[in-house]
């Protein structure tokens with residue numbers, strides 16, 4: 033994507049939410065859109081590390097956070113109760129020592 037400003041300055045940028053964390057093969061949020069209860073399903077070919085989950089609102093502020101222990105499993109399924117949050121578009125980010133991955137979530 034190229035953005036051209038009126039003063040003839042141009043800026044190249046990439047916009048996307050399919051960030052990949054090293055070793056993470058699956059990152060699903062179901063259902064999406066949701067009324068507030070969402071199941072996060074993670075999978076990896078290697079044992080997962082412990083994770084921090086952050087849900088960011090449209091302003092980029094953390095609206096919800098939790099820490100998850102993976103106990104060396106290759107799959108992790110966690111139910112998130114986001115029913116206290118307002119309707120809107122959110123970003124769910126999982127973070128470990130190797131990086132992070134993000135997905136969009138619509139809350140009705």
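In my numbering, the protein residues as written are 33 to 140.
Virtual Cβ for every residue (Gly too), placed ideally from N, Cα, C.
With fewer than 16 other Cβ atoms inside 10 Å of its own Cβ, residue 90 counts as exposed. C-alpha of residue 121 to C-alpha of residue 140: approximately 9 angstroms in a straight line. For residue 82, same chain residues with a beta-carbon under 8 angstroms away, outside a window of 5 residues either side, are 99, 100, 101, 102, 128 in chain order. The Cβ-Cβ distance between residue 137 and residue 66 falls below 9 angstroms. Residue 110 and residue 73 have their C-alpha atoms spaced approximately 7 angstroms apart. Taking residue 118 as reference, the option from 61, 62, 78, 88 with the minimal CA-CA separation is 88.
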